[in-house]
Amino acid sequence: MSLAGLVLVVEDEDPVRRYTVSLLEELGFAVLQATDGTEAIAILRDRRPEVGAMLLDHSMPGLSGEEVLAELEREGLTVPVVLTSGYDRTSLERRFAGHEVAGYLQKPFRIEALDETVRHVLARSAQAS
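As structure tokens, this is what we get:
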């Protein structure tokens, strides 16, 4: 059962990305994955209407999470974003203050936190559309 489209997981660390994708699939979500910000932007250019939420790693080689958000905003590719990071939420909220962020998940996260956060973001996104 898909709530509101796909969840795009953007994570450069292979084991972390695979783990996150497997948890989301176990929870019943349809998932796309990108290994970096450039790939994430390309996927969204192609499939934006289908993507209900994006889990975005805040620090990656190449484009950082912040640069990915800035590029998506420039192109008008708005998607609800959940930032994932080893940093605490307070420092992320300060750093991403100028951007639209739908949620935060601190790594390592538990399946319950992932489930609750993604469902909340998708439900809010569905109400807004």
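For the sequence shown, the numbering used here begins at 1027 and goes up steadily by one.
Beta carbons are placed, not taken as given, at the ideal position from N, Cα and C, and that holds for glycine.
Only a predicted model underlies this, so the values are computations on that prediction, with no experimental measurement involved.
Per the coordinates, the alpha-carbon of A1066 lies some 25 Å from the alpha-carbon of T1116.
Scanning the segment 1102-1152 from its first residue to its last, the whole beta strand (DSSP E) runs of 3-plus residues come out as 1107-1111 and 1129-1132. Here the alpha carbons of E1119 and D1038 stand approximately 21 Å from one another. Beta-bridge pairing by DSSP links L1098 to no other residue. By the neighbour-count criterion, in which a residue is buried when 16 or more other Cβ atoms sit within 10 angstroms of its Cβ, G1063 is buried. By DSSP's assignment, M1080 forms a beta bridge with L1034 and V1107. In this structure, T1104 lies away from D1083, with their beta-carbon atoms at least 8 Å apart. Counting other Cβ atoms within 10 Å of its Cβ, P1106 reaches 16 or more and is therefore classed as buried. Secondary structure note for L1050: its alpha helix (DSSP H) is the uninterrupted segment D1040 to E1052. In terms of Cβ geometry, F1122 and E1092 form a close pair [threshold 8 Å]. In this structure, A1079 places its C-beta atom within 8 Å of the C-beta atom of L1148.
Pairing V1127 with V1108, the inter-Cα distance amounts to about 6 Å.
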